[in-house]
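Chemist: A single structure is presented below for examination.
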Amino acid sequence: MAELVVNPDFRDRKEGESTATGWFEKPDRNTFEYAIEAIQLGGVTRSIQKVIGSGRGDGYIWQKIDVTPGTYRLSGTLKTQGEISSQLRLFFMDENEKIIRREISRTVLGNSDWERISVVCESPPEAKKALLFAISYTVFEEASCSWSHISLQPITDSTDETTGTTGSEAAELEDVGVSRPGVVSSTDEAPVIIPRPQRISWDTSVAFRLSPAVVIVPEGDMFLEEIQRVAEYFSVFVKTELGMDIRVATSDQATVLMETILLRIGSPREHQGADKDTQEILRTRAESYCLEIERNRVTITGHDARGLFFGVQSFIQIINGLQNSSQNELQTTGKTEQYYLPGCVIVDYPDLEWRAVHIFIDFLSQDFTKALIDKILCRYKFNALVIECSSVKWESHPEIWRESAVETDKLRDLVDYAKRRFMEVIPLVQSLGHCQWLFANGQNVDICEDRDNPYAYNPLNDRSYSVMFEIYDEAIEVFRPKLFHIGHDEVRMVGSFPKSAQGKEKGFESLFVQDTNRISQHLESRGVRPMMWADIIQEPTFQPYLSKIDSSLFMVDWQYTPFRAYQGIEFLRNEGFDVIGSAWHNPQNIFYFTKHVKEIDGLGMLQTTWTGHFGSTCALATDMKQYIAHLYAAEMNWNVDGYGSVAALPYDSQKLVKTALEENTVTGEIPDWGRNW
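Numbering follows the numbering used here, in which position 121 of the sequence shown is assigned residue number 353; successive positions increment by one, without gaps.
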């Protein structure tokens, strides 16, 4: 087969060059260096390209390659030493060199012996060129990755010889043994509950009959409003999903002869039959619950309102699991339906306090996002939602409205919808960097730091804060939040910052501190705690300035590369900050980062979803793996050791996500606005 890579074995090198002929390098923040060495592999002397780096950064060697539509196999052999994370990437581009498809190999973590990685890639019909990267990330001390023979070849068979699958999705799943879409690995016939409960036992000799004769009984004088809200939520679910009317009654109206669903919050002493361990869990563990299914009664007891709500979500999953099960005992006589649910006792609680998901919102995503909240986020027990909403039709600044942006009344409706489901809802409006939204329609040019690249505002111009704070105050009115995420990441990613002579004299770090604290003080004056991404403050050059940052800021340590250990949370915690971790779609990243957070007794995790400001309703067609990752995160955030590995998940994650969300998703040809950020 034709080899498209120039100098795939790194044999040729010009004198004085650190990279092999035909290859280019990209060090990040001067943390990486490159070297060519000759080694012996399999009895043949080959040259290798060695990438050496340290600290938090990335570096890679790369080539630009001419391609035509078709199927390709990208492969390479590598060895890693130290805490490093390495992979191959192939980005297809059209004639204008716009990236139109990304393919990524599985990730090889540190201290691995020589191994081959391979991914099969489909080149889109409009593809003309491709960027090939052999990329490595470091996070701690010096580490290295050695590459030998990186190959790209056209093939006629689109099935990978090694994995039996195609594309980056399967490759990313391999290393932590994630079951591939379409495969259900469990033979257990009991309903599957996501995430896996901490303790569960089934009793198939007992069955509860769910029928219109059942009554839902909120019980207790304290927290009655919250209990009634949960009762109404379940009643609506039964009506909507099962077509069954079940009334909500008071304990006085219910009799011992009735089949009841009893909902409670509070003292476990009221919970008859609870063993000491269960009573202790219900007494001390936030968001814990106990679900008991008996012959004539279902009892769901929560430590608090969220615990009760999550107990109901597990009960709903038992019902849903039986609807299509071989053991389903649905009986229909005329208009009467009755479901026989097996007896069980579930005692459950979350491992992590914070279990959040980050999303975007756009002008068409109202129904999609509500389905996401009901059928994924609440169903699988996330308790917080970060809505990135920079590009919204803020009434205070109509001059920056974009056609595809959502109106504030729809945003307010969505916020209330999530709050009624016991989620904490947090606005994210980007500040300092990632502020293209602020300069939409050619506006606010006078406060743009680099007018050739409208990305960051000028923190030395007071009008920057007049505009920002008007929008922030409006967002506070819409969300009524406890926390407000101000972004503040990747400030120097685009253009020059600082660019002005005055800004350069003051210095980046001083400008960043000044801007961060000014925003923090404004939010705190409104009774809201600021939250921000923590990448900038972990840079080595920032350490002398770290003590000047307002310590009330709630930090989010985003790390999207899989490592076996992460140091950011401990570092920031030692500096006096509250901090949570944040992962993206890579299963290895979610798996290892969440385990690390639990091991160090961290607060929790934020699962990000980077589909763009206007891409939510198209995301199942363009990037299904980002929503599948929500399931992985749900499992790990709630019960870190539940299945021991992601490989043991006993359900088809892709099918679950598709069934939950496809009704409100754009399918077929994706409109232009669906690909815009």
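For glycine and all other residues, C-beta sits at the position ideal for the given N, C-alpha and C.
With DSSP as the reference, identify every bridge partner of Ala366, one or two as the case may be.
Modeler: Answer is Ile293 and Leu320, bridged to Ala366.
Chemist: Helix, strand or coil for Glu406 per DSSP?
Modeler: Confidence at Glu406 is low in this model, with a pLDDT of 47, below 50, so its placement is unreliable and no value can be given for it.
Chemist: Measure the Cβ-Cβ separation of Asp599 and Ala637 and say whether it is below 8 Å.
Modeler: No, Cβ-Cβ distance for Asp599 and Ala637 is not below 8 Å.
Chemist: Taking the DSSP output, what are the residues bridged to Gln385?
Modeler: Note: Gln385 sits in a beta bridge opposite Arg305.
Chemist: Distance, Cα to Cα, Thr395 vs Ala359?
Modeler: Low confidence applies to Thr395: its pLDDT is 39, below 50, so where it sits in the model is not reliable enough to give any reading.
Chemist: Roughly how many whole angstroms lie between the Cα atoms of Ala365 and Arg333?
Modeler: According to the sequence shown, residue 365 is Phe rather than Ala. Near 14 Å, if we compare the C-alpha coordinates of Arg333 and Phe365.
Chemist: Which of the three DSSP states, helix, strand or coil, is assigned to Leu584?
Modeler: Here Leu584 sits in coil by DSSP.
Chemist: Starting from the N-terminal side, write out each stretch of the alpha helix (DSSP H) that is 4 residues or longer and does not extend beyond the region 585 to 669.
Modeler: Whole alpha helix (DSSP H) segments, 4+ residues: 598 to 604 and 640 to 651.
Chemist: Using alpha carbons as the reference points, say which of Glu354, Ala707, Arg431 and Leu494 lies closest to Pro450.
Modeler: Nearest option by C-alpha distance: Leu494.
Chemist: Which of the three DSSP states is assigned to Gly674 in this structure?
Modeler: Correct three-state label for Gly674: helix.
Chemist: Checking the sheet assignment: what are the DSSP bridge partners for Gly800?
Modeler: DSSP output for Gly800 lists no bridge partner at all.
Chemist: Checking the sheet assignment: what are the DSSP bridge partners for Ile280?
Modeler: DSSP, once it has assigned bridges, lists Glu269 as partnering Ile280.
Chemist: Tell whether a beta-carbon distance below 8 Å holds between Pro429 and Asp580.
Modeler: The answer is yes: Cβ separation under 8 Å.
Chemist: Thinking Tyr341 and Thr312 are a contact (beta carbons under 8 Å), I'd like their distance in whole angstroms, please.
Modeler: Residue identity differs from the one stated: residue 341 is Leu in this sequence, not Tyr. About 7 Å separates the two Cβ atoms, so the contact holds.
Chemist: Are the CB atoms of Tyr697 and Arg750 within a distance shorter than 8 Å?
Modeler: Yes. Within cutoff.
Chemist: On the DSSP bridge list, what partners appear for Cys576?
Modeler: Answer is Trp434 and Ile525, bridged to Cys576.
Chemist: Could you pull the DSSP bridge partners for Tyr571 from this structure?
Modeler: Note: Tyr571 sits in a beta bridge opposite Leu442.
Chemist: Which term fits Gly291, buried or exposed, when burial requires 16 or more other beta carbons within 10 angstroms of its beta carbon?
Modeler: Buried, because 16 or more other Cβ atoms sit within 10 Å of the Cβ of Gly291.
Chemist: For Pro762, which option in Glu269, Ile822, Gln662 and Ala851 has the closest C-alpha, if you only look at C-alpha atoms?
Modeler: Nearest C-alpha to Pro762: Gln662.
Chemist: Helix, strand or coil, according to DSSP, for Thr339 in the structure here?
Modeler: Coil.
Chemist: Starting from Thr492, trace the beta strand (DSSP E) both ways and give me its first and last residue.
Modeler: Taken as a continuous stretch (DSSP letters only), the beta strand (DSSP E) holding Thr492 covers Thr492 to Ile497.
Chemist: Going by beta carbon distance, what residues of the same chain come within less than 7 Å of Thr843, once the five residues before and after it are set aside?
Modeler: Excluding positions up to five away in sequence, the list reads Phe592, Ala851, Asp855 and Gln858.
Chemist: Can you give me the Cβ contacts of Lys246 inside the same chain, cut-off strictly under 7 Å, excluding the 5 residues immediately before and after it?
Modeler: Answer for Lys246: Thr253, listed in chain order.
Chemist: Could you round the C-beta distance between Ala892 and Ile608 to whole angstroms and report it? I think they count as a contact, below 8 Å.
Modeler: With 8 Å as the limit, Ala892 and Ile608 qualify as a contact, their Cβ atoms being about 6 Å apart.
Chemist: Taking the alpha carbon of Pro240 as the reference point, which residue from Ala853, Leu384 and Ile679 has its own alpha carbon closest?
Modeler: The residue with the shortest Cα to Cα distance from Pro240 is Leu384.
Chemist: Opposite His717 in the DSSP bridges: which residues?
Modeler: Paired residues: Leu660 and Met763.
Chemist: The beta strand (DSSP E) with Ser355 in it runs from where to where?
Modeler: Per DSSP, Ser355 belongs to the beta strand (DSSP E) from Glu347 to Ser355.
Chemist: Measuring straight from C-alpha to C-alpha, what distance separates Thr564 and Gln570?
Modeler: With a pLDDT of only 41 at Thr564, under the threshold of 50, the placement of this residue in the model should not be trusted; the figure read from the coordinates follows. Thr564 and Gln570: Cα-Cα distance of roughly 7 Å.
Chemist: Select from Val299, Ile425 and Gln746 the residue whose C-alpha is nearest the C-alpha of Leu937.
Modeler: Outside the displayed range of the chain (233 to 909) lies residue 937, so it cannot be described from this structure.
Chemist: Do Glu741 and Thr793 have their C-beta atoms within less than 8 Å of each other?
Modeler: Taking 8 Å as the Cβ cut-off, Glu741 and Thr793 do not qualify as a contacting pair.
Chemist: Whose CA, out of Gln675, Glu681, Val760 and Glu656, lies closest to the CA of Glu706?
Modeler: It is Val760.
Chemist: Among the candidates Ser779, Val710 and Gln668, whose CA atom is the shortest distance from the CA of Asp645?
Modeler: If we check each option's Cα against that of Asp645, Val710 comes out closest.
Chemist: If you reduce the DSSP assignment to three classes, tell me which class Lys246 lands in.
Modeler: Lys246: coil per DSSP, three-state reduction.
Chemist: Grouping DSSP H, G and I as helix and E and B as strand, with all else coil, what is Val889?
Modeler: Three-state DSSP puts Val889 in a helix.
Chemist: Can you tell me whether Arg758 sits near the ligand NAD, meaning its C-beta is under 7 Å from at least one heavy atom of the ligand?
Modeler: Within the structure as shown, the ligand NAD is missing, as the structure has no ligands at all.
Chemist: Going straight from the alpha carbon of Cys377 to that of Tyr266, what length do you get?
Modeler: Taking the straight line from one Cα to the other gives about 10 Å.
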